[in-house]
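Student: Protein chains in written order, with the working numbering: chain A, 1094 to 1408; chain B, -4 to 55.
Even for Gly, the Cβ is constructed at its ideal location relative to N, Cα and C.
This one's a predicted model, so the numbers in the text were calculated from it and none came from an experiment.
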Amino acid sequence: MALTERTELIEEHDWSNELIGEMATVGDYVQLMKLRVMSLVVFTALVGMIIAPVAIHPVLGFIALVCIGVGAGASGALNMWFDADIDAVMSRTAKRPVPAGRVTPDAALTFGMTLALGSVSVLGLVAGWFAAGLLAFTIFFYAVVYTMWLKRSTPQNIVIGGAAGALPPMIGWAVMTGSVSLQSFVLFLIIFLWTPPHFWALSLFKAEEYARAGVPMLPVVAGNPATRRQIFYYVVALALSGFLPVIVGPSGIAYGVAATVLGGIFVYRAWQLLRTDEENERQNAVRVFTYSILYLFLLFAVLAGEHIVRLMVAS
Amino acid sequence: MTLQIAESIMTEDGIKLTEEQKKRRRGRSIAIGLALAALVAVFYAVTIIKLGPGVLERPL
Chain A
1094 MALTERTELI
1104 EEHDWSNELI
1114 GEMATVGDYV
1124 QLMKLRVMSL
1134 VVFTALVGMI
1144 IAPVAIHPVL
1154 GFIALVCIGV
1164 GAGASGALNM
1174 WFDADIDAVM
1184 SRTAKRPVPA
1194 GRVTPDAALT
1204 FGMTLALGSV
1214 SVLGLVAGWF
1224 AAGLLAFTIF
1234 FYAVVYTMWL
1244 KRSTPQNIVI
1254 GGAAGALPPM
1264 IGWAVMTGSV
1274 SLQSFVLFLI
1284 IFLWTPPHFW
1294 ALSLFKAEEY
1304 ARAGVPMLPV
1314 VAGNPATRRQ
1324 IFYYVVALAL
1334 SGFLPVIVGP
1344 SGIAYGVAAT
1354 VLGGIFVYRA
1364 WQLLRTDEEN
1374 ERQNAVRVFT
1384 YSILYLFLLF
1394 AVLAGEHIVR
1404 LMVAS
Chain B
-4 MTLQIAESIM
6 TEDGIKLTEE
16 QKKRRRGRSI
26 AIGLALAALV
36 AVFYAVTIIK
46 LGPGVLERPL
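(1) Does residue -2/B come out as helix, strand or coil in the three-state DSSP assignment?
(2) Can you list, in chain order, the residues of its chain with a C-beta nearer than 8 Å to that of residue 0/B? Leave out the 5 residues immediately preceding and following it.
(3) Just by C-beta distance, which residues in the stretch 1135 to 1153 of chain A are closer than 9 Å to chain B?
(4) Going along the chain, which residues of its own chain have a beta-carbon closer than 8 Å to the beta-carbon of residue 1401/A, five neighbours each way excluded?
(5) With distances taken between CB atoms, is the gap from residue 1224/A to residue 1267/A smaller than 8 Å?
(6) Does DSSP put residue 1244/A in a helix, a strand or coil?
(7) Please check if any C-beta of chain B sits within less than 8 Å of the C-beta of residue 1386/A.
(8) I want to verify the contact list: residues of chain A whose CB lies under 9 Å from the CB of residue 41/B, in sequence order.
(9) At a CB-CB cut-off below 7 Å, which residues of chain A make contact with residue 26/B?
(10) Measure from the alpha carbon of residue 1214/A to the alpha carbon of each residue in 46/B, 50/B and 37/B, then state which is nearest.
(11) Based on Cα-Cα distance, which residue from 1137/A, 1146/A and 1139/A lies nearest to residue 1404/A?
(12) Examine chain D for any beta-carbon lying closer than 8 Å to the beta-carbon of residue 37/B, and answer yes or no.
(13) Using 8 Å as the cut-off, can you tell me whether the stretch 1321 to 1338 of chain A makes contact with the stretch 1289 to 1297 of chain A, which would need three or more C-beta pairs spanning the two stretches below that distance?
(14) What are the start and end residues of each continuous alpha helix (DSSP H) run of 4 or more residues lying completely inside the stretch 1159 to 1208 of chain A, in chain order?
(15) Is the stretch 1118 to 1129 of chain A close to the stretch 1162 to 1169 of chain A, with three or more CB pairs under 8 Å?
(16) Determine the chain A residues that contact residue 23/B at a beta-carbon separation under 8 Å, and present them in chain order.
(17) Can you say whether residue 1384/A is buried or exposed, counting buried as having 16 or more other CB atoms within 10 angstroms of its CB?
(18) Just to confirm before moving on: does the CB-CB distance between residue 1388/A and residue 1355/A stay below 8 Å?
(19) Measure the CB-CB distance between residue 1374/A and residue 1184/A and report whether it falls below 8 Å.
(20) Return the first residue and the last residue of the alpha helix (DSSP H) that residue 1149/A is part of.
(21) Tell me which residues share the same chain as residue 1379/A and place their Cβ nearer than 8 Å to its Cβ, disregarding the 5 neighbours each side in the sequence.
(22) Have a look at residue 1148/A and residue 49/B and give me their C-alpha separation to the nearest angstrom.
(23) Look at the Cβ atom of residue 1393/A, then the Cβ atom of residue 1135/A, and state whether they are nearer than 8 Å.
(24) For the stretch 1268 to 1310 of chain A, list the alpha helix (DSSP H) runs that are entirely contained and at least 4 residues long, ordered along the chain.
(25) Between residue 1230/A and residue 1259/A, how many whole angstroms is the CB-CB distance? I'm expecting something under 8 Å.
(26) Work out the CA separation of residue 15/B and residue 1262/A for me, nearest whole Å.
(27) Going by CA-CA distance only, name the one from 1188/A, 1236/A and 1193/A that's closest to residue 1206/A.
(28) How far does the alpha helix (DSSP H) with residue 1231/A in it extend, from its first residue to its last?
(29) Taking its Cβ as the centre, do 16 or more other Cβ atoms sit within 10 Å of residue 1275/A, making it buried, or is it exposed?
(30) How is the alpha helix (DSSP H) around residue 1371/A delimited, first residue to last?
(31) Along the chain, where does the alpha helix (DSSP H) that runs through residue 1365/A open and close?
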């Protein structure tokens, strides 16, 4: 090819996409994986693995856990690929790699799909195809059902979409046992009921941004008082479901006490938010939001901790 | 003729990346290399754990 012809081809091609890709750092790709969400997924999956009645080789267990974490990262990357337009208009998300222009949408999609296929394939080889199928379903549910469909179309988006975030303990259980059970379903139910009050509390103090982005979060569609009521109802249901591991197993007294105290505090916080005046609403919503994270972490930590202690005593 | 896009420079000889872009590309390449090495280690470990000494017992 003649030099002038080659130069013309180079000049005619729109290189902006490739060159934006050259600005991406490794950290940008790590950010695509939503590390905070991933840490919660890994933690809850680990609890599902710990309370399972059978053991697997620790190295296989570790690799399976990494696969579940990478699968969560895939969901995050696919979510950031699809949601770049609404992420760009919200202060909380505007600096994410795609809306900030550091990673191209194509690169985010490729990265997400690669992680999804890789994590599901390796988990299938390591822990069986039932657990891998559950992981694939979780990624599909979060990326397609929640992100592409529910998020922009209904205020029940995070109620139904929350199922994706609730599945990791069931995947963890499936890694160990190759099946699901009532005990693992109870862990699913706890996170499923935890998700709406957690995100609705956040949306109470970010409602304007969600409205600007066109996301029909509950406060945007139904108003703040209705959202506060829904938060309270869900927290009561959550606090009650927190006792289920005592009823269906494998938990005992220590967990029961923790579920009572933690659930009681959560109901009290939600009650305060329900009864709040407009002036203190934001402060109470922030309290419910931050406590919700602590609640789930401590509840699951006690659940796993009690089980470990029991195993140590038994051996 | 030169044209600047996303901080890099397009010349008649092609695209000239800035030093920063080269550094970031190197970082991404290292990360991909490490990920591949980790995959090799994972497959090796899984093979040994699942098959054990049986990995060497192959029919003639």
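Tutor: Reading off the structure:
(1) Because residue -2/B sits at a pLDDT of 44, beneath the cut-off of 50, its placement in the model cannot be relied upon, and the point is left open.
(2) For residue 0/B, the pLDDT reaches just 49, beneath the cut-off of 50, and the residue's location in the model is therefore unreliable, leaving the point undetermined.
(3) 1150, 1152 and 1153
(4) Counting only Cβ-Cβ distances below 8 Å, and skipping sequence neighbours, we find 1143.
(5) With contacts defined by Cβ atoms closer than 8 Å, residue 1224/A and residue 1267/A form a contacting pair.
(6) In the structure shown, residue 1244/A adopts coil according to DSSP, grouped into three states.
(7) no
(8) Annotation: Cβ neighbours of residue 41/B in chain A (cutoff 9 Å, chain order): 1152, 1153, 1156, 1215, 1218 and 1219.
(9) Those are 1119, listed as they occur along chain A.
(10) Here the closest residue by C-alpha is 37/B.
(11) When each option's Cα is compared against that of residue 1404/A, the closest is 1146/A.
(12) Here the protein chains are A and B, and chain D is not one of them.
(13) yes
(14) 1177 to 1180
(15) yes
(16) Here the neighbours are 1117, 1118, 1119 and 1122.
(17) So residue 1384/A ends up on the buried side.
(18) yes
(19) Cβ atoms of residue 1374/A and residue 1184/A: not closer than 8 Å.
(20) Neither: residue 1149/A is in no alpha helix (DSSP H) and is coded neither H nor E.
(21) 1294 and 1298
(22) 22 Å
(23) no
(24) 1275 to 1297 and 1300 to 1306
(25) The Cβ separation is near 12 Å, so there is no contact.
(26) Distance between the alpha carbons of residue 1262/A and residue 15/B is about 42 Å.
(27) 1236/A
(28) 1222 to 1233
(29) Residue 1275/A is exposed by the Cβ-count criterion.
(30) 1371 to 1407
(31) Per DSSP, the unbroken alpha helix (DSSP H) holding residue 1365/A starts and ends at 1346 to 1368.
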